[in-house]
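Those sequence lines, one after another, are chains A and B. When we follow our numbering, the leftmost residue of the first sequence carries the number 364, and every step to the right adds one. When we follow our numbering, the leftmost residue of the second sequence carries the number 364, and every step to the right adds one. Working notes, beginning with the structure itself.
There are 2 protein chains.
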Amino acid sequence: MSKWNFETNRLCQLLGVKYPIIQAGMVWCSGWKLAKEVSEYGGLGTIGAGSMYPEILKEHLQKIQNVLPSNTPYAVNLPLLYPQIQEHIQLIIEHQVPIVITSAGNPKTWTQTLKSNGIKVLHVVSSVKFALKAEEARVDAVIAEGFEAGGHNGREELTTMVLVPAVAEACSIPVVAAGGIKDGKSMFAAMTLGADGVQIGSRFVCSLESSAHDTFKKAILEAPEDATSLTLKELTPVRLLKNAFFHQILQAYQNHASAEELRNLLGKGRSKKGMFEGNLEEGELEIGQVAGYLKDILPAKTILQHILDEYHAIYHQIKNS
Amino acid sequence: MSKWNFETNRLCQLLGVKYPIIQAGMVWCSGWKLAKEVSEYGGLGTIGAGSMYPEILKEHLQKIQNVLPSNTPYAVNLPLLYPQIQEHIQLIIEHQVPIVITSAGNPKTWTQTLKSNGIKVLHVVSSVKFALKAEEARVDAVIAEGFEAGGHNGREELTTMVLVPAVAEACSIPVVAAGGIKDGKSMFAAMTLGADGVQIGSRFVCSLESSAHDTFKKAILEAPEDATSLTLKELTPVRLLKNAFFHQILQAYQNHASAEELRNLLGKGRSKKGMFEGNLEEGELEIGQVAGYLKDILPAKTILQHILDEYHAIYHQIKNS
């Protein structure tokens, strides 16, 4: 049994997918349209429920179920600190969502409920310590996410290169690598580090089917290599594109703002304003470090095809060396 | 020609070494004893000149030349902002050091001088922008060093997973990956990302032959996974073990210290005090993120052997899959 051959890869077997590639659930960017494309191609498409009211999540679940064959897996990403978490969990169970990816919270709280309803659970972790806690809570796999990832991020600041091998050595369940993965090369590297597969976010923000606003997608293509920064560490660390709002945060730091003042500055609805409505000045623009090197907006299926082509090219290059 | 086979690897050919593994030159940790072991085994051993007065560097050059066969390559690492840089350059030329690794400064200043004396030059970079400048300055190879690396570090905070593929795609000269590399798995991953070879630092701090103080080595073995942090970004960003001195820095930040006050707090001689004299409270302890996962102090040659064994195990695992 080899993970390099996807037919015997244990992450593929666990999720019931053809390729060990999870499209990350991302607030304001990954609705049913993107998830459907990825799942249809053979990866795991994920609806990002963190930016959806329960009635919106319901709509997305109905739509994806209408268009995907009933045995095609897809997932919902659920930040466990989401205020209406109970309604979300209820909807997920009612709609028999096959897979849930939980993050930002204690995996003990909901894993058992979900699993007893036949739902597979993956949990996002930023350290070996949290990975072992998730394994103890009986999740089916962990997603080890490095410092380079976009959006909310761990306090340990461990990078994918350092975190993934450590988590893979410590855990016996499948490990998915996330953070800094955008193509077949980085996918192969992550698997070399011990991961069974990968989760890819930012690259899919720049897909045709992502619900990110066009001006946000274009801003990513124009981003220089040092375009992002991990900030607001006093609240929840988050990696953002360094726009006017980011510079307001920097100014607040220079004025020795308290956590309360930072929370007020952040306010409500900033991520929607930035990522969904395309207000590049005032919005919060969550994206990973790879933003600086993305060069095109492509259909999600083409992105997957490119990733797999490059992965296989490296695989054969090594096999034939 | 394949980089996976070291006989045809272009970094091995450039450096004249058997294995594409560079032991990083590290202040207070890598004198002639460590460099000699690594070079003798077939890697590239490096004397860290950044913590040496010219007379000390001279002593180390004489010693390594006395013990290494005359055609065995080794290197000297030279931070270009070193105050007595001219004396160091003079010594390096006089002693016909085969390879110099420059960092922390403009590669245009000394590359031509060194190369016209038959010395190969590698330069450490933290972005594609700096990699292209180094290539323009005619260095022989670049070392792309990610955020997870110990000691002084780039302002862009790009991780190895993100930086290495970007540099490898942008440059035509050989690329060495650094930051987060400690074993055969991470070495293989870095090469998958496009690197021709790797530079390894922290793992060699915990070698028998490293000149780091024993108490520092033992502190690394006991370090938890979130043991390090990149700090002093207002001066030169540096990754340190979070000891009492680090907490003094945090306190200074809480008191809104100016860059000048931070410089005074840092003072002089702190890295010697910590790394060389073993004062774990007051010293500056430079080390990479992998510190949290190092479990033993081994002879440098055993470390190399383990890295290569693991590298080849992965290579064969893929070839036979």
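Glycine included, each C-beta is placed from N, C-alpha and C at the ideal position. Predicted model, so just to flag it, every value in this text is computed and none were measured.
A/SER365 belongs to the set of residues whose beta carbon lies under 8 Å from a beta carbon in chain B. Between A/HIS515 and A/PRO587, the C-beta spacing is not below 8 Å. In the three-state DSSP reduction, B/ALA500 falls in the coil class, being neither helix nor strand. Per DSSP, the continuous alpha helix (DSSP H) segment holding B/THR578 begins and ends at 577-584. In the three-state reduction of the DSSP assignment, A/ALA607 falls in the helix class, which pools H, G and I.
Between the beta-carbon of B/ILE536 and that of B/ILE583 there is about 33 Å, and that puts the pair past the 8 Å contact cut. Annotated as proximal: A/TRP367 and B/ILE681, with beta-carbon spacing under 8 Å. Of B/GLY509, B/LYS664, B/SER479, the smallest CA-CA separation from B/SER570 is found for B/LYS664. Residues are counted here when their Cβ sits less than 9 Å from a Cβ of chain B; for the stretch 574-598 of chain A these are PRO587, GLU588, ASP589, THR591, SER592, LEU593, given in chain order. Using a Cβ-Cβ cut-off of 7 Å, B/THR555 is close to LYS548, PHE551, ALA552, THR555, ILE677 of chain A, given in chain order. Its chain contains LEU424 as the residues whose beta carbon lies nearer than 6 Å to that of B/HIS458, once the 5 sequence neighbours on both sides are disregarded; these appear in chain order.
Membership of B/LEU629 in the alpha helix (DSSP H) is indicated by the continuous run 622-629. Closer than 8 Å to the CB of A/SER479 there is not a single CB belonging to chain B. Taking a beta-carbon distance threshold of 8 Å, A/MET389 does not count as an interface residue toward chain B. Each residue's CA atom was taken as its position, placing A/ASN627 and A/GLY542 some 29 Å apart. Not one beta carbon of chain B lies nearer than 8 Å to the beta carbon of A/TYR382. Distance from the Cα of A/ALA387 is smallest, within the candidate group A/GLU400, A/SER402, A/LEU377, A/GLY411, for A/GLY411.
Taking 7 Å as the cut-off between beta carbons, none of the residues of the stretch 629-645 of chain B comes near chain A. Counting only the Cα atoms, A/MET524 lies some 11 Å from B/ASP546. By the Cβ rule, the stretch 560-567 of chain A does not count as touching the stretch 367-379 of chain B, because fewer than three pairs are nearer than 8 Å.
Under DSSP, B/GLU532 takes part in no beta bridge, so it has no partner. Contact residues of the stretch 525-538 of chain B toward chain A are VAL525, PRO528, ALA529 (C-beta to C-beta distance below 7 Å). Per the C-alpha coordinates, the member of A/CYS534, A/ILE612, A/GLY468 positioned closest to A/GLU498 is A/CYS534. Secondary structure at A/GLN447: coil, using DSSP grouped into helix, strand and coil. Close to B/LEU424, with beta-carbon spacing below 8 Å, lies no residue of chain A; the smallest spacing is near 33 Å. Proximity of B/TYR404 to chain A, defined by a Cβ-Cβ separation below 8 Å, is not satisfied. Under a 10 Å Cβ-count criterion, B/PRO470 is classified as buried, with 16 or more other Cβ atoms of the shown protein chains found around its own Cβ.
In this structure, B/PHE551 lies near B/ILE677, with their beta-carbon atoms less than 8 Å apart.
Put simply, the CB of A/LEU521 is near chain B, with a gap under 8 Å to one of its CB atoms. Taking the C-beta atoms as reference points, A/TYR437 is found nearer than 8 Å to A/GLY408.
The DSSP-derived three-state label of B/TYR678 is helix.
Taking a Cβ-Cβ threshold of 7 Å, none of the residues of chain B is close to A/ILE455; the smallest such distance is about 32 Å. Residues of chain A with a Cβ closer than 7 Å to the Cβ of B/LYS605 do not exist, since the nearest Cβ in that chain sits about 11 Å away. Each of B/GLY406, B/LEU648, B/ASP589 was checked against the Cα of B/ILE563, and the nearest Cα belongs to B/GLY406. In this structure, DSSP gives B/ARG602 an extended state, which the three-state scheme calls strand.
Between A/ALA467 and the set A/ILE456, A/PRO432, A/VAL460, A/GLY413, the nearest pair of CA atoms involves A/GLY413.
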